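K.L.:
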Amino acid sequence: MQSFTLYTSPSTSLISYTRHISLSKRTPSISQSPPSISLQQKINGLNCFSSSPTNLFGSTHNFSLLKTKAHISPKPIQSSSQNTNPKKQGAKIIPLLISISIGLVIRFIVPKPIQVSTQAWQLLAIFLSTNIGLILGPLPIGAWAFLSLTTTVFTKTLTFENAFKGFTSDVIWLIVLSFFFARGFVKTGLGDRIATYFVKWFGKSALGLSYGLTMGETLVAPSMPSTIARAGGIFLPIIKSTLLLSTGRDENDPKTRKLGSYLIQSQLQSAGNSSALFLTAAANNLLCLKLAEELGVKIASPWVTWFKAASLPAFVSLLATPYILYKIFPPETEETLNAPAVAALKLEQMGPVTKNEWVMVGTMLLAVSLWIFGEAIGVASVVAAMLGLSILLLSGVVDWDDCLADKSAWDTLTWFAVLVGMASQLTNLGIVTWMSNCVAKFLQSFSLSRLASFGVLHAAYFLIHYIFASQAAHIGALYSSFLAMQMASGVPGVLAALTLAFNTSLFGGLTHYSSAQAAAYYAAGYVDVPNCFRLGFIMAIINAVIWGGVGTLWWKFLGLF
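Mapping of the sequence shown onto our numbering: residues 4 to 564, in sequence order.
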């Protein structure tokens, strides 16, 4: 049997594609005739969306390569054993050795304080080794977390029941269910439709187009907690398609690229504020509150409390961001008169709102309503999410295969649960109390006021993100300890927990690697690295002024301190 070999870069989205367009010959007559299947039709019908930035932006090149090779080079498909450059298996040795060594040094070389038990010190060593591994990446994040979980049980540091307690956390399951909701938004096309309407209404100028996209981001955010899904699945495709058609120029035209750079930076920086505005706008927000709960910080009506605390500074930042970037990073094309027409054409091609989209709208309105008012009627947030997903499954808007295929959700369940479980046990064993007391004494030696300590710790927490390539890893490594420091210096627990969580969303636009959405937008190729750093730093200062100034007055008004 012979087949057309399709030469592509490795991509999950293209692997299944090659299975569908592999052509085989069964008789000599068939082998002598050209294939009757149109490859271009297959390409046009391919859904190439992937959460991986590499797949998102390498797809066009791969498709042309597929088409060329499929018509020119009929060769047998090679087996994986014949691959001359097989993928390296197993852990990365150097990151693995560093991560393990740090844990061993803490456990066996660093003197154990007399106030800390041997069990607690051993768990701290494993926990720190886990977080170093999350940063260095000797294995995929879920696999590394599982190894750490195994270590806690094998060394008898924790019992099996205590080690797996994190997997029963309602907050973690709310995160997982939220990923499934996001899949429904993408699958039905509802998120795409909403964003396109805003382009149609506000897209006559570059600044208006930016505000339209920002409003679309803000509207979609509370019910779509995957920031990479919002960036890569909705807004980046809209920016790229609208950009080319509204300017009427080639993609590589300097004016087109300048407009694209502005829109992408504006969208990235706005996404940080929209993620900070709603508890359910980012999975990281829910993890922060769970870690705060492990330290004894209880927040009544968390969705409402979060929104009230974030609302004023977030809305001010969302209004200011597109305009400030318009002034410091201006597009050469000020008018985009064709953008509304392009959006209208796209909406016409999409057709009327489908039944599945209406089901999605109704389900999300129900879920958000229960997140806001559920506590008053005895419905927990996770139960509201379970009810919403049940409706989507019963109606067929999302099927179980969609849920099973969402690797990000199950990966998140694994490593978030491991981190939360270990953090909880560290609190129970007294490690967090001991560390916070040490920090409190250190800060008192400088005679810093409560407000000064609040500012210094926030600045340190934010700027340390330059050495992180993951918001989640940053939270796992530092959120609990910085929250303990804030509380030890006299900052009210609820205020400290919320503001550190807000900070976590805001530093997502600090660099081109500071978050998944930042990497996706950078990979589009419109903004170079120096501008990523420059604009990220400028917007970090502006956000600090707005959230630190407007926010402080607002939090005082709300009685948070």
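From the three backbone atoms N, C-alpha and C, an ideal C-beta is built for every residue, glycine too. Bear in mind that the values here come from a model prediction, so they are computed numbers and not experimental data.
Measure from the alpha carbon of residue 189 to the alpha carbon of each residue in 144, 200, 207, 237, then state which is nearest.
P.N.:
237
K.L.:
What does residue 338 pair with, by DSSP beta-bridge criteria?
P.N.:
208
K.L.:
Am I right that residue 294 and residue 464 are in contact with their C-beta atoms under 8 Å? What's the rounded C-beta distance?
P.N.:
About 13 Å separates the two Cβ atoms, so there is no contact after all.
K.L.:
Under the three-state reduction of DSSP, which class applies to residue 100: helix, strand or coil?
P.N.:
helix
K.L.:
Would you say the stretch 314 to 332 touches the stretch 345 to 360, given that touching needs at least three Cβ pairs under 8 Å?
P.N.:
no
K.L.:
Report all residues from its chain with a CB closer than 7 Å to the CB of residue 426; omit the five preceding and five following residues, and keep chain order.
P.N.:
Excluding residues within five positions, the ones whose Cβ falls inside 7 Å are 294, 297, 483.
K.L.:
Please report how far the alpha carbon of residue 478 lies from the alpha carbon of residue 235, in whole angstroms.
P.N.:
23 Å
K.L.:
Quick check on the burial criterion: 16 or more other C-beta atoms within 10 angstroms. Buried or exposed for residue 118?
P.N.:
Exposed, because fewer than 16 other Cβ atoms sit within 10 Å of the Cβ of residue 118.
K.L.:
Below 7 Å CB to CB, which residues in the same chain sit around residue 130 once its five sequence neighbours on both sides are set aside?
P.N.:
425, 429
K.L.:
Determine the DSSP secondary structure at residue 228, reduced to helix, strand or coil.
P.N.:
Secondary structure of residue 228 (DSSP, three-state): coil.
K.L.:
Less than 8 Å between the C-beta atoms of residue 155 and residue 350, yes or no?
P.N.:
no
K.L.:
Mark residue 537 as exposed unless 16 or more other C-beta atoms lie within 10 angstroms of its C-beta, in which case mark it buried.
P.N.:
exposed
K.L.:
Which ranges does the beta strand (DSSP E) cover as unbroken runs of at least 3 residues, wholly within the stretch 418 to 483, from first to last along the chain?
P.N.:
none
K.L.:
According to the Cβ coordinates, are residue 242 and residue 210 closer than 8 Å?
P.N.:
no
K.L.:
Is it true that the CB of residue 408 sits closer than 8 Å to the CB of residue 180?
P.N.:
no
K.L.:
Can you tell me whether residue 112 is helix, strand or coil according to DSSP?
P.N.:
In the structure shown, residue 112 sits in coil (DSSP, three-state: anything other than H, G, I, E or B).
K.L.:
Which residue spans inside the stretch 242 to 318 form an unbroken alpha helix (DSSP H) run of at least 4?
P.N.:
257 to 280, 286 to 297
K.L.:
Are there 16 or more other CB atoms within 10 angstroms of the CB of residue 126, so buried, or fewer, so exposed?
P.N.:
buried
K.L.:
Quick one: grab the DSSP three-state call for residue 172.
P.N.:
coil
K.L.:
With contact counted as at least three CB pairs below 8 Å, one residue from each stretch, are the stretch 106 to 115 and the stretch 411 to 425 in contact?
P.N.:
no
K.L.:
Under the three-state reduction of DSSP, which class applies to residue 545: helix, strand or coil?
P.N.:
helix
K.L.:
Taking only the alpha-carbon atoms, compute the straight-line gap between residue 367 and residue 418 and give it to the nearest angstrom.
P.N.:
27 Å
K.L.:
Confirm, please, whether the CB-CB distance from residue 363 to residue 191 is below 8 Å.
P.N.:
yes
K.L.:
Using CA coordinates, which residue listed in 308, 183, 530 is at the minimum distance from residue 402?
P.N.:
183
K.L.:
Secondary structure at residue 91, three-state DSSP: helix, strand or coil?
P.N.:
coil
K.L.:
So, are the CB atoms of residue 549 and residue 319 less than 8 Å apart?
P.N.:
yes
K.L.:
If you follow the alpha helix (DSSP H) that residue 402 is part of, which residue opens it and which one closes it?
P.N.:
Counting along the chain, residue 402 falls outside any alpha helix (DSSP H), and DSSP gives it neither H nor E.
K.L.:
Which complete alpha helix (DSSP H) runs does the stretch 120 to 161 hold, if anything under 4 residues is left out?
P.N.:
With a minimum length of 4 residues, the continuous alpha helix (DSSP H) runs that stay inside the stretch 120 to 161 are 121 to 139, 144 to 157.
K.L.:
Measuring only from the beta carbon, is residue 441 closer than 7 Å to any heavy atom that is part of the ligand GTP?
P.N.:
The ligand content of the structure shown is nil, which means the ligand GTP is not present either.
K.L.:
Do you know whose CA, among 485, 165, 440, 187, lies nearest residue 393's CA?
P.N.:
187
K.L.:
When the Cα atoms are used, what is the spatial distance from residue 141 to residue 94?
P.N.:
Distance between the alpha carbons of residue 141 and residue 94: 5 Å.
K.L.:
How long is the line joining the alpha carbons of residue 143 and residue 377, rounded to whole angstroms?
P.N.:
37 Å
K.L.:
Assuming the contact rule is C-beta atoms closer than 8 Å, residue 105 and residue 423 should be a hit. Round their C-beta distance to whole Å, please.
P.N.:
Actually they do not touch by this definition, with Cβ atoms about 21 Å apart.
K.L.:
Give the straight-line distance between the Cα atoms of residue 168 and residue 226, rounded to the nearest whole angstrom.
P.N.:
27 Å
K.L.:
At the level of alpha carbons, what is the spacing between residue 559 and residue 490?
P.N.:
17 Å
K.L.:
By Cβ distance, which residues of its chain are closer than 8 Å to residue 305, with the 5 residues on each side in sequence left out?
P.N.:
Here residue 305 has 282, 292, 384 as same chain residues with Cβ atoms under 8 Å from its own Cβ, once five neighbours each way along the sequence are excluded.
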